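Q: The structure follows.
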Amino acid sequence: MGQVSPRAALRLPLDAARVARLRAGDQVALTGPVLGARDAAHQRMRDLLAAGKPLPFEIAGETIYYVGPSPAQPGQVIGSAGPTSSYRMDAFTPELLALGLRGMIGKGRRSRDVTRAIQSHQAVYFGAVGGAGALLARRIRKQEPVAWDDLGAEAVVRLWLKAFPAVVINDVYGGDLYDNVMGADGAGAVDE
Amino acid sequence: MREVSVTRLSAAIRDAVILANTVMTPDIQRRLEEAQNQETGPVARAVIADLLENAAIAQAEHIPMCQDTGLVVVYLTFGQDVHWVDGEVEAAINDGIRQGYREGYLRFSVVADPLRRVNTRDNTPAIVHYRLTPGEGVHVDILPKGFGAENRSRLAMLKPSDGQAGAEQFILESVRVAGPQACPPFIVGVGIGGDFERVAELAKEALLEPLDTPNPDPYLADMESRLTDAINAMGIGPQGFGGRTTLLGLRIKVGATHIAGLPVAVNMSCHSTRHLAFDL
Ligand code: SF4
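For the protein sequence lines, the chains are U and Y, in the order given.
All letters in the first sequence, in the order written, are residues 1356 to 1547 by the numbering used here.
All letters in the second sequence, in the order written, are residues 2 to 281 by the numbering used here.
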């Protein structure tokens, strides 16, 4: 196999200083805790916040991985666990960024509202390799329940990443890797 | 006349859905290896290396390559002299899927109704297409289809005067707007002709063709190679992170159509296109 460039190690949780060092297009290897959450968990977060109620976990400083794994086999931490398309979470995301959400991992473009909020709240959006679920599962070392077990496969879980490969898509400077590659109005735009 | 038991069909489908989801097809594997040699950018190279490593892990550990283990499309082609025994054919197909998805720890990704959205918890029902041929043979193709790419598919009812140029323009535009959420590098199935539903079927059937045998029709082979070059020149690259490898394969299937129509369908698929064929 040919040469691949090294990925810079990046520890989680993120903070403003760590995020400020990242630029769109950087390759990183993430190590540390993230929250696993997708559509149904985001809907529930919004419902609670709309009702003026607190979330059952702290969101400030967190990184969310948009993931809907296949079932784990006996003895495995998690099943195949690649990213799901992030745009489905866009409607919920600016509010979470305002509460201090610091990072997101998924695949595909975000809305302009989200990319603007990423910049104004000093956060970062990473792309993970879509379809590399078996490899990414190996980079998840531990899983624990956090909230809403009733959502089954869509419950919020704590995942511990170890050298999890990702690429910076949106940085705090307004950089957008997809825009750089495909043009701002181009491929996969999700604003209707 | 030949009697074929539906329980054989069921068992074969159970094994096939597990195999298709955990083992990359050799043609895709070869295309990725070729791409690895052609890519120069470090990010693109890293992604392709990840995809190859991912396939190796999935095969060794019997876990799905991708967590979206798909909605299963089944093509059952059988001779008109086959007599099915021991039960209902379509029920047997769904039984095989149910068992395969449970025993193989594959994800249940099917809801019974598109608006009320309750998961069927066994990944059934499949989309089943039947075709009759002369004789006593039974041939099955399965294609568990992930929806990251499926959601980016498009169809247009063009005018005959739009011609080949119009069709090519629509195909290129469809790939351009598909974007990173469809998990490039892509495999693209193109249907041209037929009517509204037949053209979509043609596009999906095109995904069953092996990537490394050229189109037997030289006119279409030429069109495929021009489209392939144009798509790779877009620079979208693996995962939309930039690079030369936007496409692993593009296949066109055509069918007779009406004098007033030129339907074109583009069925997007990804590097994790899972196709398996077997005979009974
Ligand atoms: S588009 Fe393909 S590779 Fe990507 S998540 Fe869906 S099935 Fe997997």
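Ideal Cβ positions, reconstructed from N, Cα and C, are used throughout, including at glycine.
All figures in this text were calculated on a predicted structure; none of them were measured in a lab.
Report the residues of the stretch 106-118 of chain Y with a CB closer than 8 Å to any CB of chain U, ordered along the chain.
A: Those residues of the stretch 106-118 of chain Y that come within reach of chain U (Cβ to Cβ, closer than 8 Å) are Y106, L107 and R108.
Q: Going by the beta-carbon positions, is the gap between F171(Y) and A179(Y) smaller than 8 Å?
A: Translated into positions along the second sequence, residue 171(Y) becomes position 170. Translated into positions along the second sequence, residue 179(Y) becomes position 178. No, Cβ-Cβ distance for F171(Y) and A179(Y) is not below 8 Å.
Q: Which runs of the alpha helix (DSSP H) spanning at least 4 residues fall entirely within the stretch 36-67 of chain Y, listed in chain order?
A: Counting only runs of 4 or more, we get 43-62.
Q: Taking contact to mean at least 3 C-beta pairs separated by less than 8 Å, is the stretch 1363-1383 of chain U in contact with the stretch 1457-1471 of chain U?
A: Short answer: they touch.
Q: Closer than 5 Å is what we want: which residues have a beta carbon that near any heavy atom of the ligand SF4? List them in chain order.
A: Here the residues come out as G1485(U), G1486(U), C67(Y), D69(Y), G147(Y), G149(Y), A150(Y), C184(Y), C271(Y) and S273(Y).
Q: Let's see if you can read the secondary structure: which residues bound the beta strand (DSSP E) around A270(Y)?
A: Numbered from its first residue, the second sequence carries residue 270(Y) at position 269. Position check: residue 270(Y) holds Ser in this sequence, whereas Ala was assumed. Segment L263 to S270, the beta strand (DSSP E) holding S270(Y).
Q: Can you give me the C-alpha to C-alpha distance between R1471(U) and V24(Y), rounded to a whole angstrom?
A: In the first sequence, counting from the first residue as 1, residue 1471(U) sits at position 116. In the second sequence, counting from the first residue as 1, residue 24(Y) sits at position 23. In a straight line, the C-alpha of R1471(U) is about 41 Å away from that of V24(Y).
Q: Report the residue from T26(Y), I58(Y), H84(Y) and A201(Y) whose alpha carbon sits nearest the alpha carbon of L156(Y).
A: By 1-based counting over the second sequence, the position of residue 156(Y) is 155. Residue A201(Y) is the option with its Cα nearest to L156(Y).
Q: Which residues in chain Y sit within 9 Å of Y1442(U), going by Cβ to Cβ distance?
A: Within the first sequence, residue 1442(U) is the residue found at index 87, counting from 1. Within chain Y, the residues near Y1442(U) are Q182.
Q: According to DSSP, is R3(Y) part of a helix, a strand, or is it coil?
A: Within the second sequence, the letter at position 2 stands for residue 3(Y). Three-state DSSP puts R3(Y) in a strand.
Q: Is the distance from the Cβ of A1489(U) to the Cβ of P65(Y) below 8 Å?
A: Sequence index remark: in the first sequence, residue 1489(U) carries index 134 (1-based). Sequence index remark: in the second sequence, residue 65(Y) carries index 64 (1-based). Contact: yes.
Q: For the structure I just gave you, are there three or more beta carbon pairs, one from the stretch 141-153 of chain Y and one from the stretch 1410-1420 of chain U, closer than 8 Å?
A: Segments in contact, no.
Q: Take R1362(U) and list the residues in its own chain whose beta-carbon comes closer than 7 Å to its own, dropping the five residues that flank it on each side.
A: Residue numbering aside, residue 1362(U) sits at position 7 when the first sequence is read from its first letter. The residues are Q1382, V1383, A1384 and P1520.
Q: Going by beta-carbon coordinates alone, are N95(Y) and A45(Y) separated by less than 8 Å?
A: By one-based count along the second sequence, residue 95(Y) stands at place 94. By one-based count along the second sequence, residue 45(Y) stands at place 44. Cβ distance not < 8 Å, so N95(Y) and A45(Y) don't count as in contact.
Q: Use the C-beta contact count for R118(Y): other C-beta atoms within 10 angstroms, 16 or more gives buried, fewer gives exposed.
A: Locating residue 118(Y) in the second sequence gives position 117, counting from the first residue. Looking at its Cβ environment, which holds fewer than 16 other Cβ atoms inside 10 Å, R118(Y) is exposed.
Q: Which one of V5(Y), D114(Y) and F109(Y) has the shortest CA to CA distance from F79(Y)?
A: Start at 1 with the first residue of the second sequence, and residue 79(Y) comes out as number 78. Closest by alpha carbon: V5(Y).
Q: Give me the DSSP bridge partner(s) of M1459(U).
A: For the purposes of this step, residue 1459(U) is taken as the residue at position 104 of the first sequence. DSSP output for M1459(U) lists I1419(U) and Y1480(U) as bridge partner(s).
Q: Check whether the stretch 210-225 of chain Y and the stretch 24-33 of chain Y touch, using three or more Cβ-Cβ pairs below 8 Å as the test.
A: At 8 Å Cβ cutoff, the stretches touch.
Q: Check each residue of the stretch 64-83 of chain Y: if its Cβ is closer than 7 Å to any Cβ of chain U, include it; give the result in chain order.
A: Listed by position, the residues of the stretch 64-83 of chain Y near chain U (Cβ gap below 7 Å) are I64, P65, M66, C67, Q68 and T70.
Q: Pick out whichever of G1486(U), D1526(U), I1495(U) and A1406(U) has its Cα sitting closest to the Cα of P239(Y).
A: Position 238 of the second sequence holds residue 239(Y). Taking only the C-alpha atoms, the option nearest P239(Y) is G1486(U).
Q: Using DSSP with H/G/I as helix, E/B as strand and the rest coil, what is Y106(Y)?
A: Position 105 of the second sequence, counted from the start, is the residue given in the question as residue 106(Y). Residue state, collapsed to three classes: coil.
Q: Along chain U, in chain order, which residues have C-beta atoms closer than 7 Å to that of I58(Y)?
A: One-based indexing of the second sequence puts residue 58(Y) at position 57. Ordered by position in chain U, the residues that pass the 7 Å Cβ test against I58(Y) are A1489, L1490 and R1493.
Q: Among S110(Y), E89(Y) and Q81(Y), whose alpha-carbon lies nearest the alpha-carbon of E317(Y)?
A: Any property of residue 317(Y) remains undetermined from this structure, which presents chain Y solely from 2 to 281.
Q: Taking Cβ to Cβ, would you say V90(Y) is nearer than 8 Å to V141(Y)?
A: Within the second sequence, the letter at position 89 stands for residue 90(Y). Within the second sequence, the letter at position 140 stands for residue 141(Y). Against a cut-off of 8 Å, the Cβ pair of V141(Y) and V90(Y) comes out as no contact.
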